[in-house]
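Quick notes on the structure that follows.
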Amino acid sequence: LMHLTRKLIEIRSMLLSIDQSDALKLPSIVVIGSQSSGKSSVLEAIVGHEFLPKGNNMVTRRPIELTLIHTPPQNGQTPVEYGEFPGLGLGKITNFADIQRILTDLNLAVPTSDAVSNEPIDLRIHSPNVPDLTLIDLPGYVQLSSLDQPETLKEKIAALCDKYIREPNIILAVCAADVDLANSPALRASRKVDPLGLRTIGVITKMDLVPPEQGATILAGNRYPLHLGYVGVVAKSSGKKGKKESTAVVAQRGEEDYFGSHKDVYGSSTSLMVGTDTLRRRLMEVLESSMASSLHGITNAVQLELEEATYQFKVQYNDRRITAESYVAETMDALKLRFKQFTEQFRRPVIRAKLKGMLDDKVMDVLEQLYWLDKRAAELGALGADPKLKPEDVEPYWRHKLEAASSLLTKSGVGRDSTLLVADGLRALIDSIASSEPFNFHPQASERLIQFSHMILRDRIGVTSDQVENCIKPYKYEIEVEPREWEIGRQKAIELFEKEVAMCESKLQEIRKKVGGGRRLGGLVNYVKSLEEKEKERKSRMLESPAIEEPDQTPESYRYPPAQILDARHAMLYSDRLAILKLRLLALKSKRCRAGPESDVLCPEAFLNVVADKLAYTSAMFINIELLDQFFYQFPREIDSRLLYDLDRREIEAFARENPAVRRHLDLQERKDKLEEVMKQLNSLSTLRADPQPAPRRH
Ligand code: GDP
Numbered sequence: 020l021m022h023l024t025r026k027l028i029e030i031r032s033m034l035l036s037i038d039q040s041d042a043l044k045l046p047s048i049v050v051i052g053s054q055s056s057g058k059s060s061v062l063e064a065i066v067g068h069e070f071l072p073k074g075n076n077m078v079t080r081r082p083i084e085l086t087l088i089h090t091p092p093q094n095g096q097t098p099v100e101y102g103e104f105p106g107l108g109l110g111k112i113t114n115f116a117d118i119q120r121i122l123t124d125l126n127l128a129v130p131t132s133d134a135v136s137n138e139p140i141d142l143r144i145h146s147p148n149v150p151d152l153t154l155i156d157l158p159g160y161v162q163l164s165s166l167d168q169p170e171t172l173k174e175k176i177a178a179l180c181d182k183y184i185r186e187p188n189i190i191l192a193v194c195a196a197d198v199d200l201a202n203s204p205a206l207r208a209s210r211k212v213d214p215l216g217l218r219t220i221g222v223i224t225k226m227d228l229v230p231p232e233q234g235a236t237i238l239a240g241n242r243y244p245l246h247l248g249y250v251g252v253v254a255k256s257s258g259k260k261g262k263k264e265s266t267a268v269v270a271q272r273g274e275e276d277y278f279g280s281h282k283d284v285y286g287s288s289t290s291l292m293v294g295t296d297t298l299r300r301r302l303m304e305v306l307e308s309s310m311a312s313s314l315h316g317i318t319n320a321v322q323l324e325l326e327e328a329t330y331q332f333k334v335q336y337n338d339r340r341i342t343a344e345s346y347v348a349e350t351m352d353a354l355k356l357r358f359k360q361f362t363e364q365f366r367r368p369v370i371r372a373k374l375k376g377m378l379d380d381k382v383m384d385v386l387e388q389l390y391w392l393d394k395r396a397a398e399l400g401a402l403g404a405d406p407k408l409k410p411e412d413v414e415p416y417w418r419h420k421l422e423a424a425s426s427l428l429t430k431s432g433v434g435r436d437s438t439l440l441v442a443d444g445l446r447a448l449i450d451s452i453a454s455s456e457p458f459n460f461h462p463q464a465s466e467r468l469i470q471f472s473h474m475i476l477r478d479r480i481g482v483t484s485d486q487v488e489n490c491i492k493p494y495k496y497e498i499e500v501e502p503r504e505w506e507i508g509r510q511k512a513i514e515l516f517e518k519e520v521a522m523c524e525s526k527l528q529e530i531r532k533k534v535g536g537g538r539r540l541g542g543l544v545n546y547v548k549s550l551e552e553k554e555k556e557r558k559s560r561m562l563e564s565p566a567i568e569e570p571d572q573t574p575e576s577y578r579y580p581p582a583q584i585l586d587a588r589h590a591m592l593y594s595d596r597l598a599i600l601k602l603r604l605l606a607l608k609s610k611r612c613r614a615g616p617e618s619d620v621l622c623p624e625a626f627l628n629v630v631a632d633k634l635a636y637t638s639a640m641f642i643n644i645e646l647l648d649q650f651f652y653q654f655p656r657e658i659d660s661r662l663l664y665d666l667d668r669r670e671i672e673a674f675a676r677e678n679p680a681v682r683r684h685l686d687l688q689e690r691k692d693k694l695e696e697v698m699k700q701l702n703s704l705s706t707l708r709a710d711p712q713p714a715p716r717r718h
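Shown next, in the form of structure tokens:
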């Protein structure tokens, strides 16, 4: 039976690590009592060491799950006593003063505003001097609220105790002999959940403080009967402490002396239970039989849970097992693969097309700036229309314009702009990887990913844009255009202009719809034009005779709302642009323009398109060498060396668990594994229990 309790204590802590639900709980002994009832002294007497936090303030702020593990002497050698905190990873602690210090620190770490915490501290003590027991030490009941303790403290502690004294736990109600049992909060709480005292043991401390007869009356328990009875103890050392003796040893001697000197009342001829040894044995018995009677129920409960977990694991994951390590490795591989796929978007033709698009916009800007706003723009059309005209006859004015336009384009900072365009593309790519699954679950890794890729880019941007700028330098001085290139440029320019025409038309259409039809827009435009006329007249009049101040003319009436006037102005801009675009399209398609590069002055659009194409080609080439190749080489290496390279086991586990799907998978898998293990242990116990011979009761 001894073996059974020990096994079940092990199983109990495994079950606790599976889940905290009541269904999977094996009994433990819960120690309750009011402050100063002698609760700590009793626990220390059982363990044989001073190890609990001391002080006038309430120092037990968190439940202590105390597991005692009996280590029998082996080969005549007495094993070393030690404690360990499994949750803290501090290893074996042989000095009990250290245990006391750690418990005090853990208690003090609970914020004063919270006063108590529900989170238990797991402490295991291995010793040849302890029985196999599990005890839970709870904060002592507060009887008088004091000023420096929060109002709710009393209720908080009561609630915490209520949670622990539920079935199947055994209640150890600690009361001091010198305080009327009627006033014991421990007994009162126990009676609420266990009215017959079937699972409550009373411990009466400070027996030395009352006359033996009075003590005996209390222990007889006639006033507040408990099925499991009362045990009287003297847990305080009164004698002198020898050099090598522990406080507990001295205390024990004091207790023996006390009860020994009152044999008439407490002797073995009486049925009263006294002394720490008796208490220990009693606790073992009660825990054993309680555990044994829980065995059947818990086996069934574990069986049910295991079946459910196995079923879920099959249904949800098709029995596929994973580990945190495998998840990390898969994630990194997937990242590299994803990156590789994305790099397709950065192949040279794609980049060239992107750069060309940017340069096309620049060309449009240059054309608008240099040609369309030019008052003589109409002349250019006329020149193109005249078939007798030879390019060399063309006015130097237009020749000059073309050179200016070309140089505006080549000197517009193409190196920097094109490099930044591609770098921005790379950044957006990384950002999208970093913010999508699974990296959205891993904020730190995602941050690091962004950080190092931006760093690689920062390192390359300067070099690359200088290099590109350098390589397009020749175009700033001279541009030779082959007939084939010219034809392509002309076609492209036509395409571009047709697109622009379509865009202007759809904008106009939009405005027309918005203001309520073409006729209304016409009216609006006429109105705006007349306003502009008047304004012009007024200005010229003022120029002629500036002395005469005209009175501020308020418009005769607001015939249209201001928003519509703005629409009309936009419409006018679009139709002006349309007119020019259409004229220029005609020119681009004319015989003259088709003739070839010698028509460059007449068809600046075609010429600039060729220039833009050359710039895009050269830029793409050098961006590829200086930026993309470098980035694509470095990125996967940085993943290996920076992203997850120095994680230890714990961090790998934490990383994997950041992903909720993986966490659920791991949780279920672990739950199933643990339940299987528990089931195995329980099954091995049932062979023990199959022994038909009833185990002898020890006293
Ligand atoms: P807790 O607050 O319930 O943990 O109580 P403690 O174990 O700290 O004990 C409170 C006080 O009662 C301490 O000063 C102990 O020395 C004293 N005390 C505990 N047990 C006994 C006992 O059996 N006899 C006597 N005389 N004093 C005791």
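Using the numbering used here, the letters of the sequence shown map in sequence onto residues 20 to 718.
No residue lacks a Cβ here, since even glycine has one placed at the ideal position from N, Cα and C.
Just so we're clear, the structure is a prediction, and the values are computed from it rather than from any experiment.
Exposed unless 16 or more other CB atoms sit within 10 angstroms - verdict on residue i
| i | result |
| --- | --- |
| Gly-541 | exposed |
| His-684 | buried |
| Ser-525 | exposed |
| Thr-79 | buried |
| Gly-234 | buried |
| Ser-451 | exposed |
| Arg-367 | exposed |
| Asp-227 | buried |
| Asn-126 | buried |
| Pro-105 | exposed |
| Ala-353 | exposed |
| Pro-204 | buried |
Heavy atom of ligand 1 within 6 Å of residue i beta-carbon
| i | result |
| --- | --- |
| Asp-659 | no |
| Asp-227 | yes |
| Lys-58 | yes |
| Thr-342 | no |
| Val-305 | no |
| Val-253 | yes |
| Gly-159 | yes |
| Thr-295 | no |
| Ser-55 | yes |
| Thr-90 | no |
| Thr-224 | yes |
Rounded C-alpha distance that separates residue i from residue j
| i | j | result |
| --- | --- | --- |
| Asp-686 | Glu-344 | 15 Å |
| Pro-92 | Pro-147 | 7 Å |
| Ser-59 | Leu-71 | 7 Å |
| Leu-87 | Gly-102 | 9 Å |
| Glu-696 | Ile-176 | 35 Å |
| Gly-258 | Glu-274 | Any reading at Gly-258 needs caution, since the residue's pLDDT is 49, under 50, leaving its predicted position unreliable; the model's value is listed next. Answer to the nearest angstrom: the Cα atoms are 10 Å apart. |
| Ile-121 | Glu-69 | 13 Å |
| Arg-25 | Glu-232 | 38 Å |
| Gly-108 | Val-149 | 23 Å |
| Leu-607 | Glu-517 | 11 Å |
| Leu-399 | Lys-381 | 21 Å |
| Lys-359 | Phe-651 | 8 Å |
| Gly-279 | Gly-286 | 8 Å |
| Ile-37 | Asn-319 | 16 Å |
| Glu-645 | Gln-653 | 12 Å |
| Gln-688 | Glu-84 | 26 Å |
| Asp-412 | Leu-605 | 21 Å |
Cβ separation of residue i and residue j, assumed to be a contact under 8 Å, to the nearest whole Å
| i | j | result |
| --- | --- | --- |
| Ser-16 | Ala-453 | No information on residue 16 is available, as it lies outside the stretch 20 to 718 that the chain covers here. |
| Leu-627 | Ser-425 | 7 Å |
| Ile-220 | Leu-238 | Wrong, their Cβ atoms sit about 12 Å apart, outside the cutoff. |
| Ile-190 | Val-305 | In fact, because the Cβ distance is near 10 Å, the residues do not count as touching under 8 Å. |
| Lys-420 | Leu-468 | So it is not a contact: roughly 50 Å between Cβ atoms. |
| Asn-188 | Pro-46 | 5 Å |
| Glu-624 | Arg-603 | 6 Å |
| Ala-631 | Lys-430 | About 13 Å separates the two Cβ atoms, so there is no contact after all. |
| Tyr-183 | Ile-140 | 14 Å between Cβ atoms; not a contact. |
Practice task
Would you list, in sequence order, the uninterrupted alpha helix (DSSP H) runs of no fewer than 4 residues that lie entirely inside the segment 106-148?
Solution key: 115-127
Exercise for the section: Could you name each continuous alpha helix (DSSP H) segment of 4 residues or more that falls completely within the segment 394-453, going from the start of the chain to the end? Expected result: Within the segment 394-453, the complete alpha helix (DSSP H) runs of at least 4 residues fall at 396-404 and 415-429.
Exercise for the section: Entirely within the segment 342-379 and at least 4 residues each: give me those alpha helix (DSSP H) ranges in chain order. Expected result: 343-362
Practice task
Report the residue ranges of all beta strand (DSSP E) runs contained in full by the segment 217-263; include only those spanning at least 3 residues, in chain order.
Solution key: 219-224 and 249-251
Handout entry: Inside the segment 607-635 only - alpha helix (DSSP H) runs reaching at least 4 residues
Key = 610-613
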